[in-house]
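Notes follow once the structure below has been shown.
Numbering (the working numbering), first residue to last: 3 to 275.
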């Protein structure tokens with residue numbers, strides 16, 4: 003069966019709006035949902051991802067789901083609420099998809115699933131970081147993204163015919179916005195990186211078209227940094243004890259996206275806005 007209708011949770015957020023527009027431009031029928039403060043736009047519906055029944059109702063008739071709804075940082079609510087709402091929401095999305103027989107699922111994870119931006123001091127064992135790197139998450143947001151991926155592993159074991167992609171997005175902004183903001187005192191925590199929003203939208207769509215089954219996590223990040231300083235100099239200054247698994251000349255990125263290219267056919271590109 004061809005994919006025609008895609009549900010998007012968190013559709014009223016910064017990236018959600020971009021993704022919905024992109025999918026519609028690709029001629030897909032999109033069913034956006036979110037917790038709207040006012041009246042939803044035409045075609046969108048109010049949905050609380052903490053309520054399984056609401057999700058089942060929203061996903062009814064859809065061929066695929068992109069789950070974005072979550073607190074996007076650990077600072078917006080008390081720790082317990084950030085963790086609880088994010089993890090319950092992602093579990094309910096997977097459960098609703100299982101109940102309805104939806105086999106293509108894309109989940110918004112984060113580069114912080116392994117720790118980083120919100121850590122007191124981020125721990126990296128090697129550069130470039132790939133999906134085999136262990137997690138050192140310590141805040142409720144980052145932990146919730148790591149748990150999201152563990153949940154996806156669980157559901158992939160329960161159903162042998164589903165494809166779940168956890169997208170480890172970075173800062174979803176355009177390069178010209180990011181570049182002036184890569185010299186502050188916390189830039190070293192996020193490794194001077196970003197993800198172009200349109201490139202991220204293309205990755206989401208690619209994940210819904212795969213033929214493999216199971217669950218895979220992917221770093222979805224720009225291939226070079228937004229810093230004016232060469233990467234190896236940044237390593238010497240900020241991470242002198244972290245080994246490099248390969249040369250990182252010029253502004254070579256700190257995240258390896260080879261897996262996304264291999265399994266999704268995805269390559270990051272910058273876009274105008």
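By construction, the Cβ of each residue, glycine as well, lies at the ideal position given by its N, Cα and C atoms.
(Q) In whole angstroms, give me the CA-to-CA distance for residue 155 and residue 92. (A) 12 Å
Q. Which class does residue 240 belong to by DSSP, given the choice of helix, strand or coil?
A. helix
Q | Candidates 221, 236, 232, 247, of which the one nearest residue 269 by Cα | A | 221
Q: Could you tell me which of 53, 235, 234, 196 sits nearest to residue 175, measuring between CA atoms?
A: 196
Q | Local Cβ density within 10 Å of residue 109, reported as buried at 16 or more and exposed below that | A | buried
(Q) Looking only at its chain, what residues have a beta carbon closer than 7 Å to the beta carbon of residue 137, apart from the 5 residues adjacent to it on each side? (A) 115, 116, 117, 148
Q.
Tell me the DSSP secondary structure of residue 34 in three-state form.
A. strand
Q: Let me know the secondary structure DSSP gives residue 18 once reduced to three states.
A: helix
Q: Entirely within the segment 72–131 and at least 4 residues each: give me those alpha helix (DSSP H) ranges in chain order.
A: 81–102
(Q) Considering Cα atoms alone, identify which of 236, 230, 258 is closest to residue 134. (A) 258
Q.
Looking at the strands, I want to know which residues DSSP matches up with residue 9.
A. 33, 67
(Q) To the nearest angstrom, how far is the alpha carbon of residue 158 from that of residue 151? (A) 11 Å
Q.
Looking at the secondary structure, which residues open and close the beta strand (DSSP E) in which residue 221 lies?
A. 216–222
Q. How would you write the range of the beta strand (DSSP E) that residue 171 sits in, first residue to last?
A. 165–171
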